[in-house]
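Structure first, then comments.
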Amino acid sequence: MRFFGNSMFPTLKSGKPVKIIPIRHCTYKDVKVGDIVSYWSSGFNRDGKPRFWHKANVVHRIIGKTPTCALIKGDNREYVEKVFYNKINGKILL
27 MRFFGNSMFP TLKSGKPVKI IPIRHCTYKD VKVGDIVSYW SSGFNRDGKP RFWHKANVVH
87 RIIGKTPTCA LIKGDNREYV EKVFYNKING KILL
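Taking my numbering, the leading residue of the sequence shown gets 27, the next gets one more, and so forth.
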């Protein structure tokens, strides 16, 4: 898969191929803080307005964890998303 966008710059550059290790039925124990993961986005911005006309597979870093969700953000972003573990579908190998 190729990564596109600038949300993970400088770690990942747009157009760079990335290897994803699939995770099925992700749980709290499958990921750790610092992992770069792919997940299905809810498709909404922080203000609740639609961001995409469909769901998108997003690649960002886990910066924290709760029992029910991972706290995730892009290296080049300020906002943090709460992502339920079952939405995480893979880990990125650098």
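Just so you know, even glycine gets a beta-carbon here, dropped at the ideal spot from N, CA and C.
Given the structure is predicted, the values throughout are model-derived calculations rather than measurements.
**Whole-angstrom distance between Thr92 and Phe35, CA atom to CA atom** = Counting from 1 along the sequence shown, the entry for residue 35 is found at position 9. Counting from 1 along the sequence shown, the entry for residue 92 is found at position 66. Distance between the alpha carbons of Phe35 and Thr92: 26 Å.
**Message:** Quick check: what's the CA-CA separation for Asn102 versus Leu38?
**Reply:** For the purposes of this step, residue 102 is taken as the residue at position 76 of the sequence shown. For the purposes of this step, residue 38 is taken as the residue at position 12 of the sequence shown. Near 10 Å, if we compare the C-alpha coordinates of Leu38 and Asn102.
**Prompt:** Hey, Lys106 and Ile88: beta-carbon distance below 8 Å or not?
**Reply:** Indexing the sequence shown from 1 puts residue 106 at position 80. Indexing the sequence shown from 1 puts residue 88 at position 62. Sequence check: residue 106 is Val here, not Lys. No, the Cβ-Cβ distance between Val106 and Ile88 is not below 8 Å.
**Item:** Nonlocal neighbours in the same chain, by C-beta distance under 8 Å from Val57, ignoring five residues either side
**Value:** The sequence position of residue 57 within the sequence shown is 31, counting from 1. Taken in chain order, the residues that qualify are Ile49, Val63, Ile88, Lys91, Ala96, Tyr111, Ile114 and Lys117.
**Cβ pair Arg28, Lys42 closer than 8 Å** = Here the question's residue 28 lines up with position 2 in the sequence shown. Here the question's residue 42 lines up with position 16 in the sequence shown. Cβ distance < 8 Å, so Arg28 and Lys42 count as in contact.
**Asked** Given Ile47, which residues of its chain have a CB within under 7 Å of its CB, disregarding the five upstream and five downstream residues?
**Response** Along the sequence shown, one-based indexing puts residue 47 at 21. So the list reads Gly116, Lys117 and Leu119, once near-sequence residues are dropped.
**Cutoff 6 Å; reference Gly100; Cβ partners in own chain excluding five residues on either side** = Start at 1 with the first residue of the sequence shown, and residue 100 comes out as number 74. If we look at Gly100 and ignore the five residues flanking it on each side, its Cβ neighbours are Ser33, Met34 and His86.
**Message:** By alpha-carbon positions, which one of Lys108, Glu104 and Thr94 ends up nearest to Tyr54?
**Reply:** For the purposes of this step, residue 54 is identified with residue 28 of the sequence shown, where counting begins at 1. Nearest option by C-alpha distance: Thr94.
**Asked** Between the Cα of Ser40 and the Cα atoms of Val84, Val59, Tyr65 and Asp61, which residue gives the shortest distance?
**Response** The residue you call residue 40 lines up with position 14 of the sequence shown. Of the candidates Val84, Val59, Tyr65 and Asp61, the one whose C-alpha sits nearest the C-alpha of Ser40 is Val84.
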